[in-house]
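Numbers 27 to 376, taken from my numbering, label the letters of the sequence shown in order.
Ideal Cβ positions, reconstructed from N, Cα and C, are used throughout, including at glycine.
Working notes, structure below.
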Amino acid sequence: MDPSALALPLEALGLPSSREIRALRLESEADLRWGSVEGAFLARVLRHLDARGIRLALSGLPPQLEKLLALAQAGPRPLETPLAEQAPFLARIGVQAGNAARELRAFVTLVGEFVSLVPRLLLARAKVRGLEVLELLAESSSRALAIVAVVNLLMGAILAFVGAVQLRRFGAGLYVADLVGIASVRELTPILTGIVLAGRTGASFAARIATMQSNEEVDALVTLGISPGEFLVLPRVITLTLLMPLLYVYGCAFAMLGGLGVSAPLLDLSPAAYWGAMREAIGGANFAIGALKAAMFGTLVALLGCHCGLRAERSAAGVGEATTRSVVASIIGIIAIDAVFAVCANALGI
Numbered sequence: 027m028d029p030s031a032l033a034l035p036l037e038a039l040g041l042p043s044s045r046e047i048r049a050l051r052l053e054s055e056a057d058l059r060w061g062s063v064e065g066a067f068l069a070r071v072l073r074h075l076d077a078r079g080i081r082l083a084l085s086g087l088p089p090q091l092e093k094l095l096a097l098a099q100a101g102p103r104p105l106e107t108p109l110a111e112q113a114p115f116l117a118r119i120g121v122q123a124g125n126a127a128r129e130l131r132a133f134v135t136l137v138g139e140f141v142s143l144v145p146r147l148l149l150a151r152a153k154v155r156g157l158e159v160l161e162l163l164a165e166s167s168s169r170a171l172a173i174v175a176v177v178n179l180l181m182g183a184i185l186a187f188v189g190a191v192q193l194r195r196f197g198a199g200l201y202v203a204d205l206v207g208i209a210s211v212r213e214l215t216p217i218l219t220g221i222v223l224a225g226r227t228g229a230s231f232a233a234r235i236a237t238m239q240s241n242e243e244v245d246a247l248v249t250l251g252i253s254p255g256e257f258l259v260l261p262r263v264i265t266l267t268l269l270m271p272l273l274y275v276y277g278c279a280f281a282m283l284g285g286l287g288v289s290a291p292l293l294d295l296s297p298a299a300y301w302g303a304m305r306e307a308i309g310g311a312n313f314a315i316g317a318l319k320a321a322m323f324g325t326l327v328a329l330l331g332c333h334c335g336l337r338a339e340r341s342a343a344g345v346g347e348a349t350t351r352s353v354v355a356s357i358i359g360i361i362a363i364d365a366v367f368a369v370c371a372n373a374l375g376i
């Protein structure tokens with residue numbers, strides 16, 4: 027049998043659509059070896075007849091074909107509705123918009139719950155396990171130091187190399203220190219550190235909570251009268267919010283070292299001249315803006331990770347989808363917040 031017959035309309039093969047058919051005769055060569063193509067085609071023919079109220083009792087089929095037919099009939103049926111008859115494009119857009127609105131409302135609800143729980147934490151009345159907080163501190167800080175250092179070191183080196191190649195033409199090589207310092211402290215280090223933690227820590231939060239959701243552990247907390255927001259969300263958000271500014275300062279140091287490692291051999295800059303020019307260029311305002319960005323990025327990454335984990339479907343696929351949505355939403359949120367900071371800083375003349 028030609029495999030292309032599977033894609034042909036059954037009417038084109040001469041199969042009647044009325045109820046007059048009473049028998050279906052199957053002829054084949056004696057040495058024909060039945061395969062999955064033939065079994066799938068026969069199953070499609072039987073579904074076509076069954077949809078028109080024609081039911082046949084099959085008998086005398088080769089054992090091999092019977093097994094293939096049973097396997098084909100046990101699988102999921104193809105879509106009965108052609109693609110042209112599916113919901114219109116605008117209707118699908120409306121459904122997606124409704125889903126996005128529900129997700130946004132759930133996220134805002136989670137943010138409100140977190141804000142209402144902060145006073146309980148400050149009064150030491152929140153139901154938070156100290157051992158879990160220590161584990162979160164280790165996961166979000168010491169275990170992330172290596173990747174934060176490598177990413178920011180390379181970023182500083184790339185900035186210095188690009189700046190040295192361009193500025194050296196104008197005899198302004200010393201300003202490479204200004205370029206590396208301002209760009210890393212104010213923009214790139216908080217963004218890169220936030221993205222690294224979104225892919226590492228935020229995804230871990232989403233996967234862990236989604237697994238708890240799948241195992242009905244979150245339902246068990248609710249049954250015991252423990253708020254998931256207080257027990258699961260609060261320690262994660264507080265931990266990442268407090269640690270991100272520290273990781274930001276750590277990343278800035280490595281970005282500046284990366285710039286020095288490239289500038290010194292390319293431009294014959296001494297370390298003293300490099301650090302002196304950078305200290306004059308950066309200023310305290312840039313550090314304050316970068317640290318504030320880092321804290322907000324940490325809060326956003328933790329909240330989105332917890333939100334996606336709590337909203338995950340209760341299956342293995344749901345855990346993967348929650349992790350992916352957490353990382354994508356965190357990266358988009360980080361870029362959006364950074365854009366808002368840039369507009370506000372420009373309006374304030376900072």
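Item: Could you give the C-beta distance for V327 and L266, rounded to a whole number, given that I count them as a contact under 8 Å?; Value: 6 Å
Item: Since G183 and V288 are thought to touch, with beta carbons under 8 Å apart, how far apart are those beta carbons, to the nearest angstrom?; Value: Just to set this straight, residue 183 is Ala in the shown sequence, not Gly. So it is a contact: roughly 5 Å between Cβ atoms.
Item: Grab me the residues of H333's own chain with a C-beta within less than 6 Å of its C-beta, minus the 5 sequence neighbours each way, in chain order.; Value: F133, L136
Item: Going along the chain, which residues of its own chain have a beta-carbon closer than 6 Å to the beta-carbon of S352, five neighbours each way excluded?; Value: G228, A229, A232, L330, G331, C334
Item: Since P114 is in the alpha helix (DSSP H), which residue starts that stretch and which ends it?; Value: Element bounds for P114: n/a, residue is neither H nor E.
Item: Quick one: residues in its chain with C-beta nearer than 6 Å to the C-beta of T219, no 5 flanking neighbours on either side, listed in chain order?; Value: V174, L273, Y274, G277
Item: Just the C-alpha distance for L374 and S210, rounded to the nearest angstrom, thanks.; Value: 21 Å
Item: Please name the residue, chosen from V263, G302, N178, that lies closest to V202 on a Cα-to-Cα basis.; Value: G302
Item: State the DSSP-derived secondary structure class of V436, mapped to helix, strand or coil.; Value: The structure shown has nothing for residue 436, since the chain only spans 27 to 376.
Item: So, helix, strand or coil for P254, using DSSP?; Value: helix
Item: With E347 as the anchor, note down where its alpha helix (DSSP H) starts and where it stops.; Value: 342-374
Item: For the alpha helix (DSSP H) that T227 lies in, which residues bound it at each end?; Value: That residue, T227, is in no alpha helix (DSSP H); it is neither H nor E in DSSP.
Item: For the alpha helix (DSSP H) that G19 lies in, which residues bound it at each end?; Value: With the chain covering only 27 through 376, there is no way to say anything about residue 19.
Item: Counting pairs of beta carbons, one from the region 241-255 and one from the region 186-206, are three or more of them closer than 8 Å?; Value: no
Item: For Q122, verify whether its CB is less than 8 Å away from any heavy atom of the ligand FMN.; Value: The ligand FMN is not among the ligands present in this structure, which contains no ligands whatsoever.
Item: When you compare each of V345, L94, E213 to G316 by their alpha carbons, which one comes out closest?; Value: E213
Item: How big is the Cα-Cα spacing for G379 and A338?; Value: Examination of residue 379 is not possible in this model, given that the chain is present from 27 through 376 alone.
Item: As a quick exercise: from P145, E129, P88, pick the residue whose alpha carbon is nearest that of I264.; Value: P145
Item: State whether the region 360-367 contacts the region 319-326, with contact taken as three or more CB pairs (one from each stretch) at a distance under 8 Å.; Value: yes
Item: From A342 to T237, what does the alpha carbon distance come to, in whole angstroms?; Value: 8 Å
Item: Report yes if the C-beta distance between T215 and M270 is below 9 Å; otherwise report no.; Value: no
Item: Does DSSP classify E306 as helix, strand or coil?; Value: helix
Item: Quick one: is K93 buried, meaning 16 or more other Cβ sit within 10 Å of its Cβ, or exposed?; Value: exposed
Item: Could you round the C-beta distance between M282 and V206 to whole angstroms and report it? I think they count as a contact, below 8 Å.; Value: 6 Å
Item: Out of curiosity, what's the CA-to-CA distance linking G65 and L91?; Value: 6 Å
Item: Whole angstroms are fine: how far does the CA of S166 sit from the CA of L247?; Value: 24 Å
Item: In whole angstroms, give me the CA-to-CA distance for A67 and H74.; Value: Per the sequence shown, the amino acid found at residue 67 is Phe instead of Ala. Each residue's alpha carbon lies about 11 Å from the other.
Item: Where are the beta strand (DSSP E) runs, 3 residues long or more, that stay fully inside the region 115-150, in chain order?; Value: none
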